[in-house]
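For reference, each letter of the sequence shown is one residue, going 0 to 427 in numbering that gives the first Met the number 0. For every residue, glycine included, the Cβ atom is placed at its ideal position computed from N, Cα and C. Working notes, beginning with the structure itself.
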Amino acid sequence: MEDLNQKLTHKHVSRFGILIIFLIFGLFGIWAAFAKIDLSVNAPGEVIVQSYKKTVMHPKGGIVSNIDVHEGDEVQKGQTLIQLDVNQLKERLGEAESNYQHLLAQKARIEAELHDKKHIQFPNDISEDIKKAESTIFQNRRTNLKNRLDDLKYQIKELKEAIKSYQTSLEYKQKLLDSYKQELQKWQNLFKEGLVDELKIYDLKRKIDQVQDDIETLQSQIKQKKATIEELQNKMKLIVSEYKKELLDTLKKDEMQLASLKSKIAIYKDEIEKSSIKAPDRGVVVDMQVHSSGEVILPNRPILYVVPKNEKLIIEAKISPMDIDKVHVGQKAEIHFASYVDPSAKPVYGKVIYVSADVIKDPKDPRIQYYKALIEITPDGMRAIKENGFKVMPGMPVTVFIKAGQRSFISYLLMPLEQLLKGAFHAN
0 MEDLNQKLTH
10 KHVSRFGILI
20 IFLIFGLFGI
30 WAAFAKIDLS
40 VNAPGEVIVQ
50 SYKKTVMHPK
60 GGIVSNIDVH
70 EGDEVQKGQT
80 LIQLDVNQLK
90 ERLGEAESNY
100 QHLLAQKARI
110 EAELHDKKHI
120 QFPNDISEDI
130 KKAESTIFQN
140 RRTNLKNRLD
150 DLKYQIKELK
160 EAIKSYQTSL
170 EYKQKLLDSY
180 KQELQKWQNL
190 FKEGLVDELK
200 IYDLKRKIDQ
210 VQDDIETLQS
220 QIKQKKATIE
230 ELQNKMKLIV
240 SEYKKELLDT
250 LKKDEMQLAS
260 LKSKIAIYKD
270 EIEKSSIKAP
280 DRGVVVDMQV
290 HSSGEVILPN
300 RPILYVVPKN
310 EKLIIEAKIS
320 PMDIDKVHVG
330 QKAEIHFASY
340 VDPSAKPVYG
350 KVIYVSADVI
360 KDPKDPRIQY
370 YKALIEITPD
380 GMRAIKENGF
390 KVMPGMPVTV
400 FIKAGQRSFI
410 SYLLMPLEQL
420 LKGAFHAN
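Take a look at the structure:
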């Protein structure tokens, strides 16, 4: 009897247990069929600012002389970040400016010589030493030219005095010749009358011939002296012409060199000015590529980045091509910061504001492809960040959970089977 009672009790318990199990599964099935769960697309990303970080580069590069900022420093627009070494540039600038002053002074001296001035009109910014040197050259050249011309003038003067003397002698000889000719005429008349012998006539003719020879000699000497004077005068003109040509040639070269030096000076000053690498905007210094003096900066290579301050925070997420059909503008997203793991923290929400139209290949590994999505942190999200005490910086890694709708729990569990069956039907 007791055995029978035990069997009945065991049977009742078994039935009750099975009933409870069916009831639990039934209730679970009902719940699974009607309960909705949120679906989300998760994607890695990083914090950026709306205007993106500013790259700081230098067009020519150089050697670092001094670093005035460090990673994470807040800087103002125009603030000096890095100073490049400018010793060589300053030496070149000093040499160019010195040469420029010398050429300016030389140009002023040449212009004074060309216009035959007694003094040089120097520009205001010429040093006294250069003025003194050019003034000495000016006086020496003027004296040398004057001495050369004076020597020729003296020779011309002597020649003119000789000509004057010859002309006086020539006049005397000409008068003497006329006198002899008149006397000869008288003696010839007397000879015809038989009053004198022929010897006197012969003597007068010899005197006339001698005087004529003297006249021809004097005329020849005067002609030679005049030719010599003309040669000396031409020589004077040539000296002055060559002197001025030399000045004009030098002036032309000076003007060309001055233009070249002026351009170089402007370039050196510009390079010295640009050797102070300044912040392009107010913001925070990140990702510094140089850390000590003496390092070499290459031309047009990133030196550091400045992340603008007080800009709206944006999350740049990389969406898998498998999930892109579930992501569109306007969707809500929850943002988890990798640097802050705090279960008690308030959730930070954002909104999708952009999805790239085409797939993007990772420049480091072209095999990795993704769509770019931008998620703007909402005002509530910004308040949550502040209340959580998060210090969010550009470049921080995040994981984004983009709300992709709701599905019943049972539907979610059967999703792999559904996908498998769809694939099978497509294959058929």
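Item: Nearest to K117 by alpha carbon, out of P396, S126, A107?; Value: A107
Item: Are the Cβ atoms of L183 and K152 separated by less than 8 Å?; Value: no
Item: Mark A372 as exposed unless 16 or more other C-beta atoms lie within 10 angstroms of its C-beta, in which case mark it buried.; Value: buried
Item: If distances are taken between C-alpha atoms only, which option among L250, S97, H57, N146 comes closest to E506?; Value: No statement about residue 506 is possible, as the shown extent of the chain runs from 0 to 427 and does not include it.
Item: Could you check where the alpha helix (DSSP H) with Q75 kicks off and where it finishes?; Value: From DSSP, Q75 is part of no alpha helix (DSSP H); its letter is neither H nor E.
Item: Give me, in chain order, the residues of the same chain whose beta-carbon lies closer than 6 Å to that of K308; leave out the 5 immediate sequence neighbours on both sides.; Value: R281, G282
Item: Given a cut-off of 8 Å, decide if E112 and L246 are closer than it, judged by their beta-carbon atoms.; Value: yes
Item: So is D253 buried or exposed if we call it buried at 16+ other beta carbons inside 10 Å?; Value: buried
Item: Could you tell me whether the Cβ atoms of S64 and S292 are closer together than 8 Å?; Value: yes
Item: Could you pull the DSSP bridge partners for E375 from this structure?; Value: I313, K350
Item: Using the Cβ count rule (16 or more neighbours within 10 Å means buried), how would you classify E192?; Value: exposed
Item: Buried or exposed: F326, going by 16 or more other Cβ atoms within 10 Å of its Cβ?; Value: In the sequence under discussion, the amino acid at residue 326 is Val, which differs from the Phe named in the question. Buried, by the Cβ-count rule.
Item: Taking L84 and I66 to be in contact with their CB atoms under 8 Å, please state how far apart those CB atoms are, rounded to whole angstroms.; Value: One point to set straight first is that residue 84 is Asp, not Leu, in the sequence displayed. The Cβ separation is near 12 Å, so there is no contact.
Item: Relative to the ligand MG, is the shortest distance from any of its heavy atoms to the C-beta of H290 smaller than 7 Å?; Value: Absent from the structure shown: the ligand MG. Ligands present: none.
Item: Candidates N143, S126, V399: which alpha carbon is nearest Y242's?; Value: N143
Item: What does the alpha-carbon distance come out to for the pair M395 and I264?; Value: 46 Å
Item: Using CA coordinates, which residue listed in T227, D379, P301 is at the minimum distance from K52?; Value: P301
Item: Going along the chain, which residues of its own chain have a beta-carbon closer than 6 Å to the beta-carbon of Q220, five neighbours each way excluded?; Value: Y165
Item: Let me know the secondary structure DSSP gives I62 once reduced to three states.; Value: strand
Item: Mapping DSSP to helix, strand and coil, what is G380?; Value: helix
Item: DSSP three-state label for A337, please.; Value: coil
Item: Per DSSP, what are the beta-bridge partners of I276 in this structure?; Value: I81
Item: Please identify the residue among R382, N188, A278, V295 whose C-alpha is closest to the C-alpha of K76.; Value: A278
Item: Considering only DSSP beta bridges, list what E254 is partnered with.; Value: For E254, which the question treats as bridged, DSSP gives no partner whatsoever.
Item: Contact check, Y370 vs I318 under 8 Å by CB: the rounded distance?; Value: 4 Å
Item: At what residues does the beta strand (DSSP E) containing L303 begin and finish?; Value: 303 to 307
Item: Can you round the beta-carbon distance between A104 and F121 to whole angstroms, since I take them to be within the 8 Å contact cut?; Value: 6 Å
Item: Alpha helix (DSSP H) containing K163: first to last residue?; Value: 127 to 191
Item: Report yes if the CB atom of A344 is closer than 8 Å to the CB atom of V399, and no otherwise.; Value: no
Item: Ends of the alpha helix (DSSP H) at G93?; Value: 86 to 113
Item: How many angstroms separate the CA atom of P365 from the CA atom of V354?; Value: 20 Å
Item: I need the straight-line Cα distance from I328 to P298, nearest angstrom please.; Value: This sequence places Val at residue 328; Ile is not what is there. Distance between the alpha carbons of V328 and P298 is about 40 Å.
Item: May I have the straight-line CA-CA distance separating V295 from G60, to the nearest angstrom?; Value: 7 Å
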